[in-house]
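Visitor: Add 99 to the 1-based position in the sequence shown for the numbering used here, that's all there is to it.
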Amino acid sequence: MALKMLLHPQMIIYKYLKQKPVVPLSFVFALGYSPVSWIFGIVIIAAACVDMGMIKGFAGMEPTGHETDALLIAIGVLIIIIAAFGCFGAWKESPKLLYIFVGCLIIIILLELSVGIAAAALRPQIESTLKSQLRASFIKNKSTKEEDSTYREFWDRVQTSLECCGITGPDNYGASEPRINPSFSCCPNDGTDHSAEIKRSNCLSDGKYYKEGCEDKVLGTIHSAGMTVIVCGILFCFLEVAGIVLALWLAHSIKTQGKSRETA
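1) Taking DSSP as the reference, what is the three-state secondary structure of residue 249?
2) Classify residue 279 as buried or exposed, calling it buried when 16 or more other Cβ atoms lie within 10 Å of its own Cβ.
3) Quick one: using the 10 Å Cβ neighbour count with 16 as the cut-off for buried, is residue 134 buried or exposed?
4) Leaving out the 5 sequence neighbours to the left and right, which residues in its chain are closer than 7 Å to residue 217 when beta-carbon positions are compared?
5) Can you give me the Cβ contacts of residue 250 inside the same chain, cut-off strictly under 6 Å, excluding the 5 residues immediately before and after it?
6) On a CA-only basis, which of 150, 132, 225 and 153 is nearest residue 366? Give me that one, please.
7) I want to know whether the stretch 281-289 touches the stretch 329-340 - three or more CB-CB distances under 8 Å.
8) Report buried or exposed for residue 223, applying the criterion of at least 16 other Cβ atoms within 10 angstroms of its Cβ.
9) Less than 8 Å between C-beta atoms, sequence neighbours within five positions excluded: which residues of the same chain meet that for residue 336?
10) Do residue 328 and residue 261 have their C-beta atoms within less than 8 Å of each other?
11) To the nearest whole angstrom, what separates the beta carbons of residue 265 and residue 312, a pair I think is in contact under 8 Å?
12) Excluding the five sequence neighbours on either side, which residues of its own chain have a C-beta within less than 8 Å of the C-beta of residue 314, listed in chain order?
13) In whole angstroms, give me the CA-to-CA distance for residue 155 and residue 193.
14) Cα separation between residue 136 and residue 198?
15) Can you name the start and end residues of the alpha helix (DSSP H) that residue 167 belongs to?
16) Within a Cβ cutoff of 7 Å, which residues of the same chain sit near residue 177, ignoring the five residues on either side of it in sequence?
17) Measuring straight from C-alpha to C-alpha, what distance separates residue 186 and residue 272?
18) Express the C-alpha separation of residue 344 and residue 252 in angstroms, rounding to a whole number.
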């Protein structure tokens with residue numbers, strides 16, 4: 100018998116697969132699907148954090164609705180935990196744990212769809228509120244005193260990082276009272292070693308400040324970040340559907356293998 104096995108090694112493989120047909124699929128699930136889910140969960144958390152940070156950063160220091168991002172962060176954490184639970188169920192080859200995993204994935208999909216619909220519905224309102232806050236903070240930036248430089252620092256940061264000037268352009272600085280020259284943060288770096296005052300004077304006299312307004316750039320940046328979050332959520336829904344199919348297949352294979360062992 101031993102000699103026969105040595106001469107026909109494929110018989111050993113056939114007998115092993117007949118006895119344990121589920122193990123390769125378990126490894127695919129535990130070592131393939133679960134780590135990918137962890138990565139996607141981290142990506143969703145990171146994208147939601149970036150979107151929330153941008154909304155907070157461009158909201159003129161006033162709180163703006165970012166509840167959907169907070170919910171997505173919570174969902175990302177749940178995804179990581181549930182993926183670990185599914186990995187444990189596959190490793191233990193437990194149909195019950197895998198069915199619980201499937202139920203959790205279905206709940207996560209429903210939550211993601213609900214949050215995605217809410218985010219798409221609330222996005223125009225958030226952007227409209229953000230636009231109003233930007234305009235209000237710009238007026239305060241023009242009229243603020245030197246010792247109260249909070250709004251000035253905010254607008255300097257926005258104009259420098261986005262390479263823009265004013266709400267719709269540099270003319271906003273002189274369009275209403277108090278009429279002032281554009282801020283030095285509206286001027287691009289000229290690469291010289293001159294003092295800030297000389298650089299600002301040269302920038303204003305030559306009209307070299309940024310011509311684009313900040314409103315469209317801020318809203319465009321926020322919109323892009325929001326779309327990234329929504330796309331990540333949609334992609335992960337497809338991954339979760341694949342996880343449901345794979346987990347159900349694995350659970351069915353485990354149960355079938357158990358019945359075949361009992362009848363053997």
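Heads up, the beta-carbon is just placed ideally off N, CA and C, and yes, glycines get one too.
Guide: Working from what's here:
1) helix
2) exposed
3) exposed
4) 167
5) 236, 239, 240 and 243
6) Residue coverage of the chain in this structure runs from 100 to 363, which leaves residue 366 outside it and unanswerable.
7) no
8) exposed
9) 208, 211 and 212
10) no
11) 6 Å
12) 230, 233, 234, 266 and 267
13) 45 Å
14) 17 Å
15) 166-191
16) 207
17) 59 Å
18) 53 Å
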